[in-house]
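> Just so you know, the sequence shown maps onto residues 1209 to 1324 in the working numbering. Below you will find the structure I want to go over with you.
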Amino acid sequence: MQGWRFLDRFEAVDRLAKRLDRLKVRIVDIEDSDSASVPARMHLSIPWRGEAEIIWHRQWWPDGMDQEDHHVALKIGDEGQTIVCIWRLLRQKLEKPLVDVVIEEIVAAVERHTRN
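Below is the structure:
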């Protein structure tokens, strides 16, 4: 069994890119990381705000055998905040697939923080 990592799901990344595109926000680069101490980063271009990042923080499983997404943060300029606590979602009964919930939460946060 593998840890839950959004960026390993190429279809999910594509769906997120399409949803962000509707907001005129583009994914320009993805820096994945195999280290829990170095977060993965999704670099965004927001024409009216400049550059931004979606930062994927990970944690090791208790047995040290694998790692999974822990939480996702959105950073625009100097402002940063956690927008999705994946570790909590992994332990809840969800009405939708986890991927859908994560995409919806990210898109909603980007929309909130990038309104003109």
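Using N, Cα and C, we set each Cβ at its ideal position, and we do this for glycine too.
#1: Out of curiosity, what's the CA-to-CA distance linking S1243 and R1266?
#2: Report the three-state DSSP secondary structure of R1227 (helix, strand or coil).
#3: For the beta strand (DSSP E) containing R1325, name the first residue and the last one.
#4: Where DSSP assigns a beta bridge to E1261, which residues make up the other side?
#5: What number of angstroms, rounded off, separates the C-alpha of K1226 from the C-alpha of D1271?
#6: State the CB to CB distance for the pair L1282 and I1262, rounded to an integer number of angstroms; the pair is presumed to be in contact (CB under 8 Å).
#7: On a Cα-Cα basis, can you pick out the residue from R1257, D1277, M1250, F1218 that is closest to Q1210?
Reading off the structure:
#1: 8 Å
#2: helix
#3: Residue 1325 falls outside the range modelled here, since the chain spans only 1209 to 1324, and no answer is possible.
#4: H1251, K1283
#5: 36 Å
#6: 6 Å
#7: D1277
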